[in-house]
Each structure stands twice: as structure tokens, then as C-alpha cells.
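Heads up: the sequence shown begins at 18 in this note's numbering, then just goes up one per residue. Down below is the structure, laid out as C-alpha cells.
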Amino acid sequence: MRRVVNFNENQYNRKLNELENQVKSFNECATEVAELTQGKITDVNSAKLSIYAKQKTGFVDLSMSLKALGLQDIHSRIRNVELSGIAEDDCMVLADGVLSIDRACLKDVFTTYFNESDYELIDELNGLVEASKGISSYILQNAIQFNRDGGLSINKARLNTVLQQMRRSQRMAK
18 MRRVVNFNEN QYNRKLNELE NQVKSFNECA TEVAELTQGK ITDVNSAKLS
68 IYAKQKTGFV DLSMSLKALG LQDIHSRIRN VELSGIAEDD CMVLADGVLS
118 IDRACLKDVF TTYFNESDYE LIDELNGLVE ASKGISSYIL QNAIQFNRDG
168 GLSINKARLN TVLQQMRRSQ RMAK
């Protein structure tokens, strides 16, 4: 299991709202084009709609064909959806002509994970935190030192001595 450093919820929510609006527009276009073409075209594809319009009217000029069939508005909306590239987004799922958002994929995009090489240090620090419960801050200062560059150094020998002293004092208290 990967360990999370940070999840950027603000950017996730912003992107999710943006994608939800685009998905809604995409799905509305798919529904509308299917209705206007009596089910002959069910996907959001301006090229297919252009071919359909030209074949239906017999006109050579696309704009005349679209205008004659009342498809110019849906054609321009489909072009805008295609230009947005929404269907090609890695976090989108297109199934049976309906576009939806893969929220797990989107969350993963806005999550930063620790490298596996950091896991050993994290486990040591978690052990330190667990061991530090009940130890005075003075004793911890002798075992853990912060470097000037913001790093952390652990004197394992001192830490073991401190932990042994703590255990002895707990046994004597009983």
C-alpha cells in the first residue's frame, strides 16, 4: 500500500467540477444528436454527423446540409466538445456512448506519494513517535536532533539508552 504525502483537495474539487460540466455537455450532445438523427448517430462525432447531413440532403456544402436539417447548433457544440479533448482524458470512461469520470483515477492525479525508499525512515519515525509517548521532551532532545538544513538525525544509541531507562523506570514504578 502506498503512503500518501499530500492530497490536494482544492485542485481535485476544481478539476472535478470542470470535468462534471464537460461530461454533462458531452452526454447532452450524445442524447440530442441521437434524437435529431432518429438514432442513426449515437456518439459525439462531428465527422459522422457531417456525413449523415450530406447524405440526407444530397448537398455538397456542409453548412447548407446542416442548416437544412437544423443540425448546425448541435454540430458546433459537438465540435467544441471534440476540441476540449474531454473523451481522451485518462480519467474518463466512455461506455455505451455515455461518458463518466473515474474518480479514483482523478484522486490519484492530485495525490503525492512517498517513494518506497522512504518507507524505512517513516517506519522508524512512527516507532519513535510511539516510543516517545510518556517520555519527557528533555530526554527526546538528547536522542533526536534537528539539523540546520531542516533534516532530522536520530542517535540510535542514545535513543536505545533512553528507551531502556524509560522501561526500567516503568518497572520500578510497578
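Positions of the beta carbon are idealized from the N, C-alpha and C atoms, including for glycine.
Identify, in the order they occur along the chain, each residue of the same chain with its Cβ nearer than 8 angstroms to the Cβ of residue i, setting aside the five sequence neighbours on each side.
i: Val-40; result: Ile-103, Met-109, Leu-116, Ser-117 and Ile-118
i: Thr-74; result: Met-81, Ser-82, Ala-85 and Leu-86
i: Ile-58; result: Val-50, Ala-51, Lys-65, Leu-66 and Tyr-69
i: Asp-106; result: Leu-36
i: Ile-91; result: Cys-46, Glu-49, Val-50, Leu-53 and Leu-66
Cβ atoms of residue j and residue i: under 7 angstroms apart, would you say?
i: Val-98; j: Val-50; result: no
i: Tyr-69; j: Thr-54; result: yes
i: Leu-79; j: Ser-67; result: yes
i: Ser-82; j: Lys-65; result: no
i: Val-146; j: Ala-160; result: no
Below 6 angstroms, is the gap between the Cβ of residue i and the nearest heavy atom of the ligand ADP?
i: Ser-117; result: What this structure holds is no ligand at all, so the ligand ADP is not there to describe.
Quick one: what's got a C-beta closer than 7 angstroms to residue i's C-beta in the same chain, skipping five residues either side?
i: Phe-131; result: Arg-20, Val-22 and Ile-139
i: Arg-120; result: none
i: Leu-111; result: Ala-104
i: Leu-88; result: Leu-53, Leu-66 and Ala-70
Report the option in the options whose CA atom is closest to the CA atom of residue i.
i: Glu-45; options: Leu-142, Ile-95 and Ser-101; result: Ile-95
i: Glu-141; options: Thr-59, Asn-177 and Lys-57; result: Asn-177
i: Ser-42; options: Asn-25, Leu-88, Tyr-29 and Ser-101; result: Ser-101
i: Asn-30; options: Leu-88, Thr-128 and Leu-111; result: Thr-128
i: Gly-56; options: Arg-184, Gly-114, Asp-125 and Gly-144; result: Gly-114
What is the DSSP secondary structure of residue i, reduced to helix, strand or coil?
i: Ile-68; result: helix
i: Ile-91; result: helix
i: Ile-139; result: helix
i: Val-77; result: coil
i: Val-40; result: helix
i: Lys-57; result: coil
i: Asn-62; result: coil
Can you name the residues that DSSP bridges to residue i?
i: Tyr-130; result: Val-21
i: Met-109; result: Ile-118
Spatial neighbours of residue i within its chain, please: CB distance less than 6 angstroms, with the 5 preceding and 5 following residues excluded, ordered by chain position.
i: Leu-123; result: Cys-108
i: Asn-25; result: Phe-127
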